[in-house]
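S.K.:
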Amino acid sequence: MIEMPNPHIRLLDGDTINQIAAGEVVERPASIVKELIENAIDAKATTITVEISSNRKEVTRIRIIDDGCGIPTEEVSLAFSPHATSKIQTAEDLNTCRTLGFRGEALASIAAIAYVTMVTRSKGEDAGTHLIISGGEILENRATGAPTGTTLTVEEIFFTTPARRKFLKSLATELSRISSVIEVFSLLYPELTFRYLLNGQEKSTSHGTRTLGEVLRALRPDEAAQMIQVSGEENGISLEGYISHPELIRQNTQRILVAVNGRMIVSSRISGAIRSGYGTLIPSHSFPVAVLKINLDPARVDANIHPTKREIRISDEPEFLRFIVTRVKEALQGQDLSHSGISIKSELHLVADDQENQSPGLIYRTSETPAQRVCEATLAGYRTTARQLRRTRLLMEPTGAEEESLFPPLKYIGQVAATYLLASNSSGDLILIDQHAAHERIRYDQLKREQKEGTLSQELLVPIVLQLSTSEVHLLSEIRSDLEKEGFHLEPFGKDTWCVRSVPVVLGRCEDPDAIKEIISSALVGGQENRMSESVSRMVACRGAVKAGVILTPEQGEEIISQLSRTSEPYTCPHGRPTIISFTRSKLEELFRRR
Numbered sequence: 001m002i003e004m005p006n007p008h009i010r011l012l013d014g015d016t017i018n019q020i021a022a023g024e025v026v027e028r029p030a031s032i033v034k035e036l037i038e039n040a041i042d043a044k045a046t047t048i049t050v051e052i053s054s055n056r057k058e059v060t061r062i063r064i065i066d067d068g069c070g071i072p073t074e075e076v077s078l079a080f081s082p083h084a085t086s087k088i089q090t091a092e093d094l095n096t097c098r099t100l101g102f103r104g105e106a107l108a109s110i111a112a113i114a115y116v117t118m119v120t121r122s123k124g125e126d127a128g129t130h131l132i133i134s135g136g137e138i139l140e141n142r143a144t145g146a147p148t149g150t151t152l153t154v155e156e157i158f159f160t161t162p163a164r165r166k167f168l169k170s171l172a173t174e175l176s177r178i179s180s181v182i183e184v185f186s187l188l189y190p191e192l193t194f195r196y197l198l199n200g201q202e203k204s205t206s207h208g209t210r211t212l213g214e215v216l217r218a219l220r221p222d223e224a225a226q227m228i229q230v231s232g233e234e235n236g237i238s239l240e241g242y243i244s245h246p247e248l249i250r251q252n253t254q255r256i257l258v259a260v261n262g263r264m265i266v267s268s269r270i271s272g273a274i275r276s277g278y279g280t281l282i283p284s285h286s287f288p289v290a291v292l293k294i295n296l297d298p299a300r301v302d303a304n305i306h307p308t309k310r311e312i313r314i315s316d317e318p319e320f321l322r323f324i325v326t327r328v329k330e331a332l333q334g335q336d337l338s339h340s341g342i343s344i345k346s347e348l349h350l351v352a353d354d355q356e357n358q359s360p361g362l363i364y365r366t367s368e369t370p371a372q373r374v375c376e377a378t379l380a381g382y383r384t385t386a387r388q389l390r391r392t393r394l395l396m397e398p399t400g401a402e403e404e405s406l407f408p409p410l411k412y413i414g415q416v417a418a419t420y421l422l423a424s425n426s427s428g429d430l431i432l433i434d435q436h437a438a439h440e441r442i443r444y445d446q447l448k449r450e451q452k453e454g455t456l457s458q459e460l461l462v463p464i465v466l467q468l469s470t471s472e473v474h475l476l477s478e479i480r481s482d483l484e485k486e487g488f489h490l491e492p493f494g495k496d497t498w499c500v501r502s503v504p505v506v507l508g509r510c511e512d513p514d515a516i517k518e519i520i521s522s523a524l525v526g527g528q529e530n531r532m533s534e535s536v537s538r539m540v541a542c543r544g545a546v547k548a549g550v551i552l553t554p555e556q557g558e559e560i561i562s563q564l565s566r567t568s569e570p571y572t573c574p575h576g577r578p579t580i581i582s583f584t585r586s587k588l589e590e591l592f593r594r595r
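Numbered per the working numbering, the sequence shown spans residues 1 to 595.
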C-alpha cells in the first residue's frame, strides 16, 4: 500500500479559485448563453441577438449582442473581476434586488475558462471599449468605435479545463440546449426581441411587443392550440401564463416552465402544486405542460441558495403553493375538457348490422333480456364472472336533480364492443364514452359525497377475516385511519389476524372476501404514499365499477351518461384517464371526404 504524505493546508491561487467557481456557473455552452442573456436583460436591452458557430463536433463560438446600457470605460476590466457587480452593494440589497444577476460571478467565470472579447459603450460616452481576456488574463484593453450596448464573444470554451469537454454531450444535444434557453427567455420576456443565428443562418426570431400567448403560438404552435390561460392575484402574489388541456401531458416536468420574478427556476414543489391543481384530470405520475410567470415581493424570495440560481426558497411557501393550486383549478373549471378523436385513422372498416352474427364488436341496441338484467347488479365487478357480477348493483344512487350537468345533453345511440357507449349531441358530434372509466368517476364522486355526509360505512353481515404477515400487520396499523376515512372498519383479531366489520357504502352489497382483501392488499402495497386516503378512494371506485365487456341495456347506458354529466370532473376517471372522446361533425365530414 502506498502511503500518501500528510497534506498541508494552504491557500489556493487565484486561477484555481476562478476555475472552481467557473465549474459551478458554466456547465456547458448553454450556461454561457443563459448568463449573458441575463446580463443583457439586466442592462435593459430591447433586442438580444445570439450567434452560435460550430464545427462538426462542438460549439466553437458564442456571440451575444445587445442594445442595453453598456458598461462605462473605467468599469469594463472590473466587470471581469470575481464578485464585481453593479446590482447590489450590501447583503441587505438582496431583499429588494429584482435583477437576474447579483453575485458578479458570470463574466469572471466565463473568462476563466475561455477566450473572451467584449466591445461595449455606455450611453453618453463618445467611444466604446474593446477588451480581450483569456483564461482570466487581460490581453488587450483599448478604445474603439461602437454602438450603445454590448457585444460579447466567447471562443475556445473550456480550453483551461479540457477535462470538462469530455462531459459535454453531442453537438446536436448541446445546440438543442442552447435553443431551449433562447426559447425560454423568448417566452418569459415577450416584450423583448430575440434573434438566434446558427452558423450565419437565422433559426428563430421573437419580435418584441408581443404577448406571451402570441410568442407561445409562434414557438410552440402545436402545444399552443391546447393551452388554457391562467391568471390571478392574491396577497401580493401575481400569476399569469398558460397551462395545458388535460389531453396534453408529459411523463416528466421538463415542459413545465416557471419564472419567479423573471428568473427561470426548477422546483419540484411548484411543479407538484401545478400537478395538484389538475387533481384526477390527468393520470398519476403525469404532468401538464405549463408556462407560468409569478411575481412577488423580492424580500420573500431567496435566490442565493444555488450556484446557478435555478432553485429558490420562498417564505410562507404553503400559502404560495396553495395560491398556485387554486389558480390552476380555477383556470380548468368551465373548460371543455373532453378528449378529441382527431388522431383517428382515416381508414374505417364498416361492419354490417347482421343480427345473427352479432358480436361485441357491433353496436348493441337490444331489448332487455334476463341475462342483461344481471348488469343491474354490477357494481363491484372485481373479476368479470357472472357470480361476482350478481353481487352488486350497476348504478350509483341518484345524485339529485338539483345538480347541474357539466356538458350539453347527449342522445344515447348504443354500445360498441360491450365497452364504449355511443352518443351524439345537438351539434351532430359523435361522442364515445368508456363505460368503466365513466362509472369509476360516478362512484368516486359518490364516495366523496358520502364522506362529507357521514354515510360512508355499511356493516357486513359476516365479518371478513384477514390473515396477514408480520410486516403487513405493521403497515395496516399505520394506514388504518386512512382506510377508516374511506369507510372500512377494521380491528385486530388475534396475533396476525384482522377483522373487517364494515366496508364503504359505495361497494353496494359486496361481501366477497377476495374483493375486499384485494382492495386492502393494494392499500398495503401503496401504504407509504403521501396521499394514502386518495389512493384508497380511487381503488374503491375502480374495483367496483362496471367492467369492459359487460353488455348494458339502453336504460343503463343513458343513466351512466346522465349521472356522469353531474359529476365534478366528468371528462376523466379518478386516475386521470379520459372518459369521453368526441369526434366533431366537421371532423367526421372530413374523414368521409364531404369537405
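Here a beta-carbon is modelled for each residue, glycine too, at the ideal position from N, C-alpha and C.
Considering only DSSP beta bridges, list what R61 is partnered with.
M.R.: Taking the sequence shown and counting its residues from 1, the one referred to as residue 61 is at position 61. DSSP, once it has assigned bridges, lists S53, E155 as partnering R61.
S.K.: Say whether the segment 126 to 139 touches the segment 104 to 117, bearing in mind that this needs 3 or more beta-carbon pairs closer than 8 Å, one atom from each stretch.
M.R.: yes
S.K.: Can you tell me which of E137, H83, I65 puts its alpha carbon nearest to the alpha carbon of T120?
M.R.: What you label residue 120 is simply residue 120 of the sequence shown in a count that begins at 1. For T120, the nearest C-alpha among the options comes from I65.
S.K.: Identify the continuous beta strand (DSSP E) that holds P492 and give its terminal residues.
M.R.: As a first step, residue 492 must be located in the sequence shown, where it is residue number 492. Looking at the DSSP string, the run of the beta strand (DSSP E) that includes P492 is 489 to 492.
S.K.: Which residue spans inside the segment 243 to 292 form an unbroken alpha helix (DSSP H) run of at least 4?
M.R.: 268 to 278
S.K.: Where does L394 land, buried or exposed, given buried means 16+ other C-beta within 10 angstroms?
M.R.: The residue given as residue 394 occupies position 394 in the sequence shown. Below a pLDDT of 50, predicted positions are generally treated as unreliable, and L394, at 41, falls in that range; no measurement from the model is reported.
S.K.: If I measure Cβ to Cβ from Q251 and keep anything under 8 Å in the same chain, skipping five residues before and after, which residues do I get?
M.R.: Start at 1 with the first residue of the sequence shown, and residue 251 comes out as number 251. Cβ within range, chain order: H285, S286, F287.
S.K.: Output needed for A111: all residues of its chain with C-beta closer than 7 Å, excluding positions within five of it in sequence on either side, in chain order.
M.R.: For the purposes of this step, residue 111 is taken as residue 111 along the sequence shown, with counting starting at 1. Same-chain partners within the cutoff: F80, I133, G136.
S.K.: Identify, in the order they occur along the chain, each residue of the same chain with its Cβ nearer than 8 Å to the Cβ of F592, setting aside the five sequence neighbours on each side.
M.R.: As a working note, residue 592 is residue 592 in the sequence shown. The answer is none, since no qualifying residue turns up.
S.K.: Taking contact to mean 3 or more Cβ pairs, one atom from each stretch, closer than 8 Å, check whether the segment 38 to 58 and the segment 190 to 210 are in contact.
M.R.: yes
S.K.: In the segment 163 to 234, which residue ranges form an unbroken alpha helix (DSSP H) of at least 4 residues, counting only runs that do not cross its ends?
M.R.: 171 to 188, 212 to 219, 221 to 224
S.K.: Is N235 near E319, with beta carbons less than 8 Å apart?
M.R.: Locating residue 235 in the sequence shown gives position 235, counting from the first residue. Locating residue 319 in the sequence shown gives position 319, counting from the first residue. A contact, by the Cβ cut-off of 8 Å.
S.K.: Around the C-beta of F167, are 16 or more other C-beta atoms found within 10 angstroms, so that it is buried, or is it exposed?
M.R.: Here residue 167 refers to the residue found at position 167 when the sequence shown is read from its first residue. Exposed, since its Cβ has fewer than 16 Cβ neighbours within 10 Å.
S.K.: Just verifying my parser: in three-state terms, what is the DSSP assignment at Q556?
M.R.: Residue mapping note: residue 556 aligns to position 556 of the sequence shown, counting from 1. Three-state DSSP puts Q556 in a helix.
S.K.: So, with DSSP's three-state summary, where would you put C573?
M.R.: Within the sequence shown, residue 573 is the residue found at index 573, counting from 1. C573 falls in the coil class under three-state DSSP.
S.K.: Consult DSSP for D42 and reduce its assignment to one of helix, strand or coil.
M.R.: Taking the sequence shown and counting its residues from 1, the one referred to as residue 42 is at position 42. D42: helix per DSSP, three-state reduction.
S.K.: Does the structure place the segment 458 to 470 close enough to the segment 556 to 576 that three or more beta carbon pairs sit under 8 Å?
M.R.: no
S.K.: Beta-carbon separation of S238 and T253 under 8 Å?
M.R.: Here residue 238 corresponds to residue number 238 of the sequence shown, with the count starting at 1. Here residue 253 corresponds to residue number 253 of the sequence shown, with the count starting at 1. Cβ atoms of S238 and T253: not closer than 8 Å.
S.K.: Taking the alpha-carbon positions, what's the A45 to D67 distance?
M.R.: As a working mapping, residue 45 is identified with position 45 in the sequence shown. As a working mapping, residue 67 is identified with position 67 in the sequence shown. If you take the alpha carbons of A45 and D67, they lie about 5 Å apart.
S.K.: When you compare each of R61, T150, L212 to C69 by their alpha carbons, which one comes out closest?
M.R.: Here residue 69 refers to the residue found at position 69 of the sequence shown. Answer by Cα proximity: T150.
S.K.: Mind reading off the beta-carbon distance from V258 to E311? Whole number of angstroms is fine, and I expect it under 8 Å.
M.R.: Translated into the one-based positions of the sequence shown, residue 258 becomes position 258. Translated into the one-based positions of the sequence shown, residue 311 becomes position 311. Actually they are not in contact, since the Cβ atoms of V258 and E311 sit about 12 Å apart, beyond 8 Å.
S.K.: Could you pull the start and end residues of the alpha helix (DSSP H) that V325 belongs to?
M.R.: Position 325 of the sequence shown, counting from 1, holds the residue named residue 325. First-last of the alpha helix (DSSP H) with V325: 317 to 332.
S.K.: Does the distance from the C-beta atom of D429 to that of R585 stay below 8 Å?
M.R.: Residue mapping note: residue 429 aligns to position 429 of the sequence shown, counting from 1. Residue mapping note: residue 585 aligns to position 585 of the sequence shown, counting from 1. In this structure, R585 lies closer than 8 Å to D429 by Cβ.
S.K.: If you measure between the beta carbons of H439 and I560, is that distance less than 8 Å?
M.R.: The sequence position of residue 439 within the sequence shown is 439, counting from 1. The sequence position of residue 560 within the sequence shown is 560, counting from 1. The answer is yes: Cβ separation under 8 Å.
S.K.: Please give me, in chain order, every unbroken run of the beta strand (DSSP E) with length at least 3 that falls completely inside the segment 445 to 481.
M.R.: 457 to 467
S.K.: Along the beta strand (DSSP E) that carries R501, what are the first and last residues, could you check?
M.R.: Here residue 501 refers to the residue found at position 501 of the sequence shown. In the DSSP assignment, R501 falls within the unbroken beta strand (DSSP E) covering 497 to 504.
S.K.: Name the DSSP beta bridge partners of H436, please?
M.R.: Numbered from its first residue, the sequence shown carries residue 436 at position 436. Bridge partners of H436: none, in fact.
S.K.: If you draw a straight line from the alpha carbon of V546 to that of S537, how long is it in whole angstroms?
M.R.: Locating residue 546 in the sequence shown gives position 546, where the first residue counts as 1. Locating residue 537 in the sequence shown gives position 537, where the first residue counts as 1. Taking the straight line from one Cα to the other gives about 16 Å.
S.K.: Counting Cβ pairs, one atom from each stretch, are 3 or more of them under 8 Å apart for the segment 431 to 446 and the segment 414 to 422?
M.R.: By the C-beta criterion, the segment 431 to 446 is judged to be in contact with the segment 414 to 422, since at least 3 inter-stretch pairs fall below 8 Å.
S.K.: For V289, is the classification buried or exposed, using 16 other Cβ atoms within 10 angstroms of its Cβ as the cut-off for buried?
M.R.: For this step, residue 289 is matched to residue 289 along the sequence shown. V289 comes out buried.
S.K.: Tell me the DSSP secondary structure of G544 in three-state form.
M.R.: For this step, residue 544 is matched to residue 544 along the sequence shown. G544 falls in the helix class under three-state DSSP.
S.K.: Tell me the rounded alpha-carbon separation between G241 and P574.
M.R.: Working through the sequence shown from its first residue, we reach residue 241 at position 241. Working through the sequence shown from its first residue, we reach residue 574 at position 574. Those two C-alpha atoms are separated by around 26 Å.
S.K.: Determine the direct distance from the alpha carbon of A143 to that of G124, and round the result to whole angstroms.
M.R.: The residue given as residue 124 occupies position 124 in the sequence shown. The residue given as residue 143 occupies position 143 in the sequence shown. So the alpha carbons of these two residues sit roughly 15 Å apart.
S.K.: From the DSSP output, read off the bridge partner residues of R121.
M.R.: In the sequence shown, the residue the question calls residue 121 occupies position 121. In the DSSP output, where bridge partners are listed per residue, R121 has G149.
S.K.: Measure the beta-carbon distance from I228 to L332 and round it to whole angstroms, keeping in mind my assumption that it falls under 8 Å.
M.R.: Taking the sequence shown and counting its residues from 1, one reaches residue 228 at position 228. Taking the sequence shown and counting its residues from 1, one reaches residue 332 at position 332. Their Cβ separation, rounded to whole angstroms, is 7 Å, which keeps I228 and L332 in contact under 8 Å.
S.K.: List the endpoints of the continuous beta strand (DSSP E) containing I113.
M.R.: As a working note, residue 113 is residue 113 in the sequence shown. No beta strand (DSSP E) holds I113; the alpha helix (DSSP H) holding it covers 106 to 113.
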